[in-house]
Every structure is written in C-alpha cells, then in structure tokens.
Amino acid sequence: MMFFTSWLFFALGSAVFAALTALFGKIGVESVPSNLATLIRTVVILGLTVIVVSIKNQWRPLSEISSRGLIFLVVSGIATGFSWLCYYRALQLGPASKVIPVDKLSVPLAMILAFLFLGESISLKVLLGGLLIVAGSIIIAI
Numbered sequence: 002m003m004f005f006t007s008w009l010f011f012a013l014g015s016a017v018f019a020a021l022t023a024l025f026g027k028i029g030v031e032s033v034p035s036n037l038a039t040l041i042r043t044v045v046i047l048g049l050t051v052i053v054v055s056i057k058n059q060w061r062p063l064s065e066i067s068s069r070g071l072i073f074l075v076v077s078g079i080a081t082g083f084s085w086l087c088y089y090r091a092l093q094l095g096p097a098s099k100v101i102p103v104d105k106l107s108v109p110l111a112m113i114l115a116f117l118f119l120g121e122s123i124s125l126k127v128l129l130g131g132l133l134i135v136a137g138s139i140i141i142a143i
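One point on numbering: in our numbering, the residue at position 124 of the sequence shown is 125, and numbering is uninterrupted.
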C-alpha cells in the first residue's frame, strides 16, 4: 500500500490540521464569542466539504445511504457540534497549552468506547499508550 493512500498518512494529516485548528482557534476566539466562532468555523467547513465532494463527484441521494448509517452520521454530527462548542469556549477561557491536552483525552475515551461497543481488542501496547495520554493530560492540566 502506498503511504499517501494509507490510513497513517491521513491520521497524521488529521493531527497536523488539528494542531493548526487549535492554534488558529485560540487566536480567533480572543475577540469573538465562542459560539459565534464555532458557527463561522462550521460554515467554512461546510463550504470546504461541498467543494471536495463536488470535485470528487461523490454526491449521492440520501435514499442510497442506509438508515443506520444516516442516523449514526447525524448523531456524530451532533456530538461534533457539542465538542466544538465546548472546545472553543475552553480555548476562550483557558490557555491553549492546557486545553489542548485535556481535549485529547478523547483519544483514550474513544479507545474505551471502541472496545466496549465495536468489539475492538485492547493490547498491552494500546492500553499503555492510552494510560500515557491520560497521565500526560493530567500532568499538564494540574
């Protein structure tokens, strides 16, 4: 498999863009209410996503999407919205150097949820990595 089409390439890209999101978001919420900042961010993401879906010709009628898939995408969108609202408010109230590591507690939480609800296995390596993320977040937040 080519690196540039692998999950690792896109996961690293996600990490880089998430870091930039935090940096730019912290600067952005200095003079804008956090909820309005989230709305602006969401509109930009909507526009960017429409462009990417259009360029890749991936538009599909909703009738072609399973009900289960659609329900979980909607619920995921709701969770994302609340996550962003909380994240921007936290960035507005606290230092990015503390907010960001606490936000990354989502990683071990997602690992636990994947174990409980998706049946994914937890190896010693995965468990240790998750615990190190938790420990690092606690150390930085205190």
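Ideal placement from N, C-alpha and C gives every residue a C-beta, glycine not left out.
No experiment lies behind these values; they were computed from the predicted model shown.
Roughly how many angstroms separate the alpha carbons of residue i and residue j, rounded to a whole number?
i           : j           : result
residue 99  : residue 141 : 6 Å
residue 23  : residue 101 : 7 Å
residue 129 : residue 19  : 23 Å
Spatial neighbours of residue i within its chain, please: CB distance less than 6 Å, with the 5 preceding and 5 following residues excluded, ordered by chain position.
i          : result
residue 4  : 10
residue 90 : 35
residue 71 : none
Around the Cβ of residue i, are there at least 16 other Cβ atoms within 10 angstroms (buried) or fewer (exposed)?
i           : result
residue 51  : exposed
residue 27  : buried
residue 132 : exposed
residue 114 : exposed
residue 30  : buried
residue 92  : buried
Please list, in chain order, all residues of the same chain as residue i whose beta carbon is under 8 Å from its beta carbon, the five residues on each side excluded.
i          : result
residue 85 : 39, 42 and 43
residue 54 : 60
What residue range is occupied by the uninterrupted alpha helix (DSSP H) comprising residue i?
i          : result
residue 22 : 8-29
residue 64 : Careful: residue 64 lies outside any alpha helix (DSSP H) and carries neither H nor E.
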